[in-house]
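Q:
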Amino acid sequence: MKILAIHGSPRTTHSNTRRLAALVLEGAAGSGAETEMIDLVDHRITPCTACEGCSFTGTCVFDDDVPALVARMQEADAVIFGSPVYIDNISGQMKVFFDRLADAIHYQVMAGKFGCSVATTHESGGDEVVAYLNHVLNYLGILSVGGFSVATAGKAEYVDDAGAEAQALGRKLAAAVTSGFSDPVQETLLADNRSYFRTIVEENRDFRPEEYGRWLRMGWIE
Ligand SMILES: Cc1cc2nc3c(=O)[nH]c(=O)nc-3n(C[C@H](O)[C@H](O)[C@H](O)COP(=O)(O)O)c2cc1C
Numbered sequence: 127m128k129i130l131a132i133h134g135s136p137r138t139t140h141s142n143t144r145r146l147a148a149l150v151l152e153g154a155a156g157s158g159a160e161t162e163m164i165d166l167v168d169h170r171i172t173p174c175t176a177c178e179g180c181s182f183t184g185t186c187v188f189d190d191d192v193p194a195l196v197a198r199m200q201e202a203d204a205v206i207f208g209s210p211v212y213i214d215n216i217s218g219q220m221k222v223f224f225d226r227l228a229d230a231i232h233y234q235v236m237a238g239k240f241g242c243s244v245a246t247t248h249e250s251g252g253d254e255v256v257a258y259l260n261h262v263l264n265y266l267g268i269l270s271v272g273g274f275s276v277a278t279a280g281k282a283e284y285v286d287d288a289g290a291e292a293q294a295l296g297r298k299l300a301a302a303v304t305s306g307f308s309d310p311v312q313e314t315l316l317a318d319n320r321s322y323f324r325t326i327v328e329e330n331r332d333f334r335p336e337e338y339g340r341w342l343r344m345g346w347i348e
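In my numbering, the protein residues as written are 127 to 348.
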């Protein structure tokens, strides 16, 4: 069982968000998961220019680290998203990465995985950012087992104070991988998303035949 955390703080090892995501990974590791952390700031992630190149070929016109990051997500059984709150939203690093996942979202290449989300903030926006991160997991076809945020009020030790909750979230995520997890509301949403993206997959079948074939095999196209 592989569980991957991806966080969007530029503060690397000083980051509250990274620490919180690491605590979630600790919980998952205690349940037998092999864990990995990705610091987005250490990677070359070019902002999407909406050229639609990926739509036609499946490959971005920019030669950077995103394909390798997507491959690492695909290898994982579960994905944790973490972001600091920046002006009541996710960080720019996280958003630039998410925009580059549009093709992965359209073709639902992460479907069947589990996930969860965490955020840290000084005071505001934590729950909204967690909800948004979980929303992006759902867009990717990933079922979220939950998430929470920590408001530090400038005290980094508040993150460690949330260690028990973070580790419990990691154990819940690992349990979803080993024993399954069901949430009818999210499952309906994921099915609705797939039916929406099916139009794109059908429209592009001539230049994305492999993806079209995969959707047929998955039973997502009749
Ligand atoms: C550019 C920027 C914007 C921020 N915006 C907010 C905000 O809107 N509300 C808030 O309470 N804290 C805000 N903060 C504080 C961070 O959310 C908080 O310090 C967070 O824990 C940082 O996470 P990190 O240590 O993982 O980078 C902001 C910090 C920065 C640098």
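In this text, a Cβ means the ideal position worked out from N, Cα and C, and glycines have one as well.
Looking at C-beta atoms only, is the number of pairs between the region 271 to 289 and the region 183 to 196 that lie closer than 8 Å three or more?
A: Contact fails: fewer than three Cβ-Cβ distances are below 8 Å.
Q: Figure out for me which residue from V256, T246, G252, Y265 has the closest Cα to the Cα of G238.
A: Translated into the one-based positions of the sequence shown, residue 238 becomes position 112. It is Y265.
Q: Please state if the CB of E201 and the CB of L269 are separated by a distance shorter than 9 Å.
A: As a first step, residue 269 is located in the sequence shown; it is residue number 143 there, counting from the start. As a first step, residue 201 is located in the sequence shown; it is residue number 75 there, counting from the start. The answer is no: Cβ separation not under 9 Å.
Q: Ignore the nearest five residues each way along the sequence and tell me which others in D165's own chain have a CB closer than 6 Å to its CB.
A: By 1-based counting over the sequence shown, the position of residue 165 is 39. For D165, where only same-chain residues beyond five positions count, the Cβ hits under 6 Å are T138.
Q: Going by beta carbon distance, what residues of the same chain come within less than 6 Å of H133, once the five residues before and after it are set aside?
A: Sequence index remark: in the sequence shown, residue 133 carries index 7 (1-based). Here the set comprises T143, R144, A147, G208.
Q: Look up C180 in the DSSP assignment and say whether it is helix, strand or coil.
A: Residue mapping note: residue 180 aligns to position 54 of the sequence shown, counting from 1. Reduced to three states, the DSSP call for C180 is helix.
Q: Shorter than 9 Å from the beta carbon of G153 to some beta carbon of chain B?
A: Of the chains in the structure shown, none is chain B; there is only one protein chain.
Q: Going by DSSP in three states, I129 sits in which element: helix, strand or coil?
A: Along the sequence shown, one-based indexing puts residue 129 at 3. In the structure shown, I129 sits in a strand (DSSP, three-state: E or B).
Q: My output table needs one value for E160: the three-state DSSP class, helix, strand or coil.
A: Within the sequence shown, residue 160 is the residue found at index 34, counting from 1. Strand, per DSSP.
Q: I want to check one thing, is the minimum distance from the CB of V211 to the heavy atoms of ligand 1 below 8 Å?
A: For the purposes of this step, residue 211 is taken as the residue at position 85 of the sequence shown. V211 Cβ: within cutoff of ligand 1.
Q: Of the residues E152, L130, R198, S135, which one's Cα is nearest the Cα of G289?
A: Position 163 of the sequence shown, counted from the start, is the residue given in the question as residue 289. Nearest C-alpha to G289: E152.
Q: Could you tell me if V311 is buried or exposed, where buried requires 16 or more neighbouring beta carbons within 10 angstroms of its beta carbon?
A: For the purposes of this step, residue 311 is taken as residue 185 along the sequence shown, with counting starting at 1. By the neighbour-count rule (16 or more Cβ atoms within 10 Å), V311 is not buried but exposed.
Q: Would DSSP call L269 helix, strand or coil?
A: Position 143 of the sequence shown, counted from the first residue, corresponds to residue 269. Note: L269 maps to strand in three-state DSSP.
Q: So, for R170: in the same chain, excluding its five sequence neighbours on each side, which residues have a beta-carbon less than 6 Å away from its beta-carbon?
A: Start at 1 with the first residue of the sequence shown, and residue 170 comes out as number 44. D190, D191.
Q: Hey, would you say the C-beta of G251 is under 8 Å away from at least one heavy atom of ligand 1?
A: Your numbering for residue 251 matches position 125 in the sequence shown. Result yes, Cβ under 8 Å from ligand 1.
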